[in-house]
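Colleague: Sharing a structure, written as structure tokens. Questions coming.
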Amino acid sequence: MTHFRLLTQNGQGHDADEEQLAIEVLTGLTAEPKHLSAKYFYDDKGSEIFQKITQHPDYYLTNKEVEILTRISCQLAHLIDEQEIDIIELGAGDGHKSQLIIDGFLKSGCKVNYYPIDISEKAMVMLRENIRPDSSLAIHGVVAEYFEGLKLVRSQSSNRQLVLFLGSNIGNFNREQSQGFLRKLWMSLSASDYILTGYDLKKDVNKLTAAYNDGSGLTAQFNLNLLHRINQELGGNFKPDKFQHYGIYNPVLGAMESYVLSTEKQEVYIKALQRVFHFDAYEPIHLEYSFKFTKKDIEDLCEQTGFTLVQNFTDANEHFIDSLWQVTKEV
Ligand SMILES: C[S@@+](CC[C@H](N)C(=O)[O-])C[C@H]1O[C@@H](n2cnc3c(N)ncnc32)[C@H](O)[C@@H]1O
């Protein structure tokens, strides 16, 4: 039987989340150019649509990472070689990739304490349904932001830790933010702990563009869902059918960029902010960056942030890399 429990933080709740959303929407829609944060994509509906995106053939990232993790799951357990391990996952989603890694450790006879951390409650519900029970597996789910969750988990965990940051989530940060994030992770972990991070590699622009403009319009639905979310949670009157999804590769930045464009001149009122926002025809709201990497970028990031690169694992087409790093620190 698998033990699942939900760890919760003190003093945080739904009201605090809504206040934070309101503040960020106000800041983003009064900025020039307008922007909204990608972390708000994942309400219940957003998490459901994202799961469908991961199964869409145009969105190669998931297939490629699943190919890698299936191949290396036993090798990973062998490389890390512990009797008991705490696997902490940042932005776990529905947990189907995590299962592959957990399986490798269980097969090698290792006891696993799995701590998925995700800002989305819906992701945690899907994950709970997806992870197979096992007598050597305990799951402690945390609905929280990455580092809030990590702090909570670190206060309860005492074994060697392996932190998973999969799905190219790191690509949502620009280079400076990635460095800051990884360095903060390094500071949070102990000497010899591990992190396994998924990086989407630079490749044919047509392949990239198709992945973020899938043929079934799921990415468009996913992005426009953020406007529905603002309507629901903040009393907005966005008309999502008067906005258009636009995903494009920026070769100078080395990143896919996602926007929604206002297809006409219009005004949107948001009750919680008691404010009207003006949109010109074809004015963009920037939603997300998905930075792409070379092997050299990954090696540089590793060196800059205090880790030792243990091994890069790639798929047969070299579209994606899962990179295993170990914390180097004086004890
Ligand atoms: C692109 S999905 C990846 C899911 C999964 N790791 C995978 O590889 O398929 C991003 C996940 O991270 C979560 N997330 C996004 N921003 C977050 C944040 N700031 N703190 C915690 N979770 C976050 C989302 O809710 C979502 O489940």
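Residue numbers are given in the numbering used here: position 158 of the sequence shown equals residue 339, and the series is strictly consecutive.
Using N, Cα and C, we set each Cβ at its ideal position, and we do this for glycine too.
Just so it is clear, the structure is predicted and the values come from calculations on it, not from any experiment.
1) Alpha carbon to alpha carbon, how far is Y295 from G322? Give it in angstroms, no decimals.
2) Apart from the five residues just before and just after D461, which ones in its own chain have a Cβ nearer than 8 Å to its Cβ?
3) Can you tell me whether DSSP reads S471 as helix, strand or coil?
4) Answer yes or no: do D374 and F474 have a C-beta to C-beta separation smaller than 8 Å?
5) Between the C-alpha atoms of Q485 and Q360, what's the straight-line distance to the nearest angstrom?
6) In terms of residues, what are the limits of the beta strand (DSSP E) holding L345?
7) What separation, rounded to the nearest whole angstrom, lies between the Cα atoms of R456 and F488?
8) What beta strand (DSSP E) runs, 3 residues minimum, are completely inside the stretch 434-469?
9) Hey, how far is the Cα of Y221 from the Cα of L468?
10) Under a three-way DSSP split, which group does F494 fall into?
11) I268 bridges to which residues according to DSSP?
12) Under 8 Å between the Cβ atoms of A136 and L408?
13) Below 8 Å on the Cβ atoms is my guess for D284 versus S317; work out the distance and round it to an integer in Å.
14) I think I282 touches L345, with their Cβ atoms under 8 Å apart; what is that distance to the nearest whole Å?
Modeller: For this structure:
1) Looking at the two C-alpha atoms, the distance is approximately 8 Å.
2) Close CB contacts of D461 within its chain, under the 8 Å cut and outside five residues either way in sequence, are with S443 and K446 (chain order).
3) Correct three-state label for S471: strand.
4) A distance of 8 Å or more separates the beta carbons of D374 and F474.
5) For Q485 and Q360, the distance between alpha carbons rounds to 7 Å.
6) L345 -> beta strand (DSSP E) spans R341 to F346.
7) About 46 Å.
8) Runs of the beta strand (DSSP E) inside the stretch 434-469: 436-443, 447-451 and 456-460.
9) About 10 Å.
10) The answer is strand: DSSP assigns F494 an E or B state.
11) Paired residue(s): Y295 and L343.
12) No answer is possible for residue 136: the residues shown for the chain start at 182 and end at 512.
13) Actually they do not touch by this definition, with Cβ atoms about 11 Å apart.
14) With 8 Å as the limit, I282 and L345 qualify as a contact, their Cβ atoms being about 7 Å apart.
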